[in-house]
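Worksheet: the structure to be examined is printed underneath.
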Amino acid sequence: MRPITKIDIITRPEKLEELKEAMKKINVTGMTVTQVYGCGLTKGHTEVYRGQEYSINLVPKVKIEIVVCEVPVERVLEAAKTACRTGKIGDGKIFVYPVANAVRIRTGEEGDIAIADPADMSK
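If you're matching positions, the sequence shown starts at 172 in the working numbering and goes up one per residue.
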């Protein structure tokens, strides 16, 4: 069984389309996207709404979860960094985790075969 790796990318919502295109170019076939809120080093900011000042300490982000075994992790990281980088605070973070196992519920397949694209397997 080839090693399976999960990559979590937390970044600006406006970078999602660019990131999806970058992943498509390197043959990443699946991802899960979630709208999340968070704060990092900046601890948020203040805004004025109808004359009242509010502390905004959780800012909107998107979390993209990708699991790979065929595409090298380094390629995913480089593509994500290139797509998401603006050079400003708030570009986000990338986390990389080893995955012990994966199961395709429909067929019961386990391991790296469970995340492989069925279209690739028929070739």
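Every residue gets a Cβ at the ideal spot worked out from N, C-alpha and C, and that includes glycine.
Nothing here was measured: the structure is a model prediction, and the numbers come from that model.
Extent of the continuous alpha helix (DSSP H) run through residue i
i    : result
V247 : 244 to 255
E224 : Element bounds for E224: not the alpha helix (DSSP H) but the beta strand (DSSP E), 223 to 227.
K196 : 187 to 196
Alpha carbon of residue i to alpha carbon of residue j, nearest angstrom
i    : j    : result
Y220 : E188 : 30 Å
I175 : Q206 : 25 Å
K186 : C240 : 24 Å
T182 : K252 : 10 Å
E224 : E280 : 54 Å
T217 : S226 : 4 Å
T278 : E192 : 29 Å
I265 : I180 : 5 Å
Same chain, Cβ closer than 7 Å to residue i, neighbours up to 5 away in sequence not counted
i    : result
V242 : I197, N198, V199
V267 : T176, I178, V244
Identity of the residues DSSP links to residue i by a beta bridge
i    : result
V207 : K232
T217 : S226
I237 : I178
E281 : V274
V267 : I178
Limits of the unbroken beta strand (DSSP E) element including residue i
i    : result
I260 : From DSSP, I260 is part of no beta strand (DSSP E); its letter is neither H nor E.
D179 : 175 to 182
Nonlocal neighbours in the same chain, by C-beta distance under 6 Å from residue i, ignoring five residues either side
i    : result
R256 : D262
M172 : G282, D283
Sequence-distant residues of its chain with Cβ nearer than 8 Å to residue i (five each side left out)
i    : result
V238 : I175, T176, K177, I178, G201, V270, A273, I286
C210 : N228, L229, V230
C-beta neighbour in chain D for residue i, strict 8 Å
i    : result
N228 : As a matter of chain content, chain D is missing from the structure shown, which is built from one protein chain.
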